[in-house]
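Peer 1: Have a look at this one before I ask anything.
Numbering (UniProt numbering), first residue to last: 1 to 79.
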């Protein structure tokens with residue numbers, strides 16, 4: 001069963017995360033522009049230099065419309 005064991009080990013290791021690989025950067029979700037399908041993680045808004053509306057919500061860098069916030073459904077990624 002050498003080949004089966006090798007495939008099983010390869011698949012198992014490809015889904016494991018090393019300590020410190022994302023997921024713990026304080027992200028709670030992402031901002032989305034529904035018109036342009038632009039997505040910016042909440043922890044990257046300032047680094048991207050996005051303009052904000054009067055309420056502080058980021059504006060889409062492509063069209064200038066206010067973006068919608070969506071919370072992350074799981075850990076690791078604000079997808």
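Here a beta-carbon is modelled for each residue, glycine too, at the ideal position from N, C-alpha and C.
1. Counting C-beta neighbours from all protein chains within 10 Å, is the total for residue 63 16 or more, i.e. buried, or is it exposed?
2. Assign residue 2 to one of three DSSP states: helix, strand, or coil.
3. What first and last residue would you give for the beta strand (DSSP E) that runs through residue 30?
4. When you compare the CB positions of residue 61 and residue 40, do they come within less than 9 Å of one another, or not?
5. Assign residue 20 to buried or exposed, taking buried as 16 or more other Cβ atoms, counted over all protein chains shown, within 10 Å of its Cβ.
6. Is the CB-CB distance between residue 68 and residue 28 below 9 Å?
Peer 2: Inspection of the coordinates gives the following:
1. exposed
2. helix
3. 29 to 33
4. yes
5. The predicted position of residue 20 is uncertain, since its pLDDT is 47 and thus under 50; no value can be drawn from it.
6. no
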